[in-house]
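S.K.: Residue numbers (the working numbering): 878 to 1202. If you scroll down you'll find the structure; I have some questions about it.
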Amino acid sequence: MKPDSKIYVAGHRGLVGSALMRTLRDKGHTNFVTRTHAELDLTSQAAVDAFFERGKPDYVFLAAAKVGGIHANNTYPAEFIRDNLAIQINIIHAAYQNNVKRLLFLGSSCIYPKLAPQPMKEEHLLTSELEPTNRPYALAKIAGIEMCWAYNRQYKTQYLAVMPTNLYGPGDNYHPENSHVIPALIRRFHEAKLANAPSVTVWGTGTPRREFLYSEDMADACVYLMSLPDEQFVPLLGQDRNDGLAPLMNIGAGHDLTIRELAEMVKGVVGYQGMIEFDSTKPDGTPRKLMDVGRLNAMGWKAHTAMQNGLAVAYQDFIASNAYS
């Protein structure tokens, strides 16, 4: 990508999209085309087609998605599969029709089987059953990967899917019911601190292990991949019909911790002094989710933000956002 290449970041106001925008600007990119949800309904094929025909972006980062934690996935399964499929189909096909040079499709680590070998490698995709609590969302994302792969094989497009691990950072969703685990814990511990509550209850047993990546690190990895020269980028795309590996790249920190350890860390960052209790009647989800990032590391990229530092920034962002008021 050149500094003046026209770049479309779908979902530029979200956790992922806003990090991508900041990183791209920091690296000297200046030519952006963006639309808010109110300005462009990405689930509308006609609206997306018209936008691409007018805007003609050179590069696309597909970060727009309907996302949420276990509660949201259990409550709104129809929306999670319907909206995500529609967004992906519309943008990927419009990118092809309008000769987009490269597209980066952002998925989620939940595409991997519930009991996948750890750490999870790209080739573990579709090797056994998914985690039931977020299967509709996972299947939508898997369909997006397959669509990128199909277009690469048939039309020689340059569409790469990346699977970030669990993300956190500025611009996160702090909704009391529909947020992911880190923003949910930040909000819960902060509210408990303000109320001088004696304890905070965390869903599950606290034993599952999870990997977390600071959103700015994720964005840096995405821009790094999209900026690779053709001789490094094209082999990742699965354009060869005889190549069994999907156009897929894991992005992660390469290490994990238990939910109990995470809760203690967030508690310390927030400054809450009470007790932590675990509600074992609530679902734990997948026992462990650790990404194998060996391929990306071998290409020259590694995460660099210590979790304690990232959580401190995320907490200050939560305070500044007045999300709790």
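Note that CB positions come from ideal geometry on N, CA and C, so glycine has one too. This structure is a prediction, so every number in the text was calculated from the model and none was measured.
(1) For residue 1111, which residues from the same chain have a beta carbon less than 8 Å from its beta carbon, with the 5 sequence-adjacent residues on both sides left out?
(2) Taking the alpha carbon of residue 1173 as the reference point, which residue from 1019, 965, 883, 1101 has its own alpha carbon closest?
(3) Taking the alpha carbon of residue 1180 as the reference point, which residue from 1121, 999, 1095 has its own alpha carbon closest?
(4) For residue 962 versus residue 1039, is the C-beta spacing smaller than 8 Å?
(5) Tell me the rounded alpha-carbon separation between residue 1150 and residue 1068.
(6) Who does residue 942 pair with in a DSSP beta bridge?
(7) Does any CB atom of chain B fall closer than 8 Å to the CB of residue 1166?
(8) Between residue 940 and the rest of its own chain, which residues show a CB-CB distance below 8 Å, the 5 nearest in sequence each way excluded?
(9) Between which two residues does the alpha helix (DSSP H) harbouring residue 1192 extend?
(10) From what residue to what residue does the alpha helix (DSSP H) around residue 1040 run?
(11) Return the residue from the list 1164, 1026, 1160 that minimises the CA-CA distance to residue 1124.
(12) Please report the residue range of the alpha helix (DSSP H) in which residue 988 lies.
(13) If distances are taken between C-alpha atoms only, which option among 954, 1165, 929 comes closest to residue 971?
(14) Would you mind giving the Cβ-Cβ distance between residue 1144 and residue 1195, rounded to the nearest angstrom? I have them listed as a contact below 8 Å.
(15) By the 10 Å Cβ neighbour count, where 16 or more other Cβ atoms means buried, how is residue 1003 classified, buried or exposed?
(16) Compare the beta carbon distance of residue 979 and residue 1116 with 8 Å and say whether it is the shorter of the two.
(17) Just to confirm my understanding: we take residue 1169, look at its own chain, exclude 5 residues before and 5 after, and list those with CB closer than 7 Å. What are they?
(18) With which residues is residue 1156 paired in a DSSP beta bridge?
(19) Does the beta-carbon distance from residue 1191 to residue 1049 come in below 8 Å?
(20) Would you kindly work out how many angstroms separate the C-alpha atoms of residue 1082 and residue 947, rounded to a whole number?
(21) In the DSSP output, what is residue 1135 paired with across the bridge?
(22) Residue 1041 to residue 1076, Cα distance in whole Å?
(23) How should residue 934 be labelled, buried or exposed, when 16 other C-beta atoms within 10 angstroms of its C-beta is the threshold for buried?
(24) Taking the straight line between their C-alpha atoms, what separation do you get for residue 1167 and residue 1007?
(25) Measuring only the C-alpha atoms, how far is residue 1147 from residue 1092?
(26) Should residue 1088 go down as buried or exposed, given a rule of 16 or more other Cβ atoms within 10 Å for buried?
(27) Look up residue 912 in the DSSP assignment and say whether it is helix, strand or coil.
(28) Along the chain, where does the beta strand (DSSP E) containing residue 1149 start, and where does it finish?
(29) Spatial neighbours of residue 917 within its chain, please: CB distance less than 8 Å, with the 5 preceding and 5 following residues excluded, ordered by chain position.
M.R.: On the basis of the data shown:
(1) Cβ-Cβ distances below 8 Å link residue 1111 to 1035 in the same chain, with the five nearest sequence neighbours on each side left out; the list follows chain order.
(2) That would be 1101, whose Cα lies nearest to the Cα of residue 1173.
(3) Nearest option by C-alpha distance: 1095.
(4) Here residue 962 is not near residue 1039, since their CB atoms are 8 Å or more apart.
(5) Rounded to the nearest angstrom, the two C-alpha atoms are 12 Å apart.
(6) DSSP, once it has assigned bridges, lists no residue as partnering residue 942.
(7) The structure shown contains no chain B; it holds only a single protein chain.
(8) The residues are 886, 887, 888, 889, 891, 893, 894, 897, 983.
(9) Unbroken alpha helix (DSSP H) run through residue 1192: 1184-1198.
(10) No alpha helix (DSSP H) holds residue 1040; the beta strand (DSSP E) holding it covers 1036-1041.
(11) The closest CA to that of residue 1124, considering only 1164, 1026, 1160, is found on 1026.
(12) Looking at the DSSP string, residue 988 is not in any alpha helix (DSSP H), and its letter there is neither H nor E.
(13) Check the Cα spacing between residue 971 and each of 954, 1165, 929: the tightest is with 929.
(14) Actually they do not touch by this definition, with Cβ atoms about 14 Å apart.
(15) With fewer than 16 Cβ atoms within 10 Å of its Cβ, residue 1003 is classed as exposed.
(16) The Cβ-Cβ distance between residue 979 and residue 1116 does not fall below 8 Å.
(17) Excluding five sequence positions before and after residue 1169, the CB atoms of its chain that fall closer than 7 Å to its own CB belong to 996, 997, 998, 1127, given in chain order.
(18) Looking at the DSSP output, residue 1156 sits in a beta bridge with 1080.
(19) Taking 8 Å as the Cβ cut-off, residue 1191 and residue 1049 qualify as a contacting pair.
(20) Cα-Cα distance, rounded: 15 Å.
(21) DSSP, once it has assigned bridges, lists 1086 as partnering residue 1135.
(22) Answer to the nearest angstrom: the Cα atoms are 32 Å apart.
(23) Counting of Cβ neighbours within 10 angstroms places residue 934 among the buried residues, the total reaching 16 or more.
(24) When rounded, the distance between both Cα atoms is 15 Å.
(25) In this structure, the alpha-carbon of residue 1147 lies about 19 Å from that of residue 1092.
(26) Looking at its Cβ environment, which holds 16 or more other Cβ atoms inside 10 Å, residue 1088 is buried.
(27) Coil.
(28) Premise fails: residue 1149 is in no beta strand (DSSP E) and is neither H nor E.
(29) These residues qualify, in order along the chain: 924, 925, 928.
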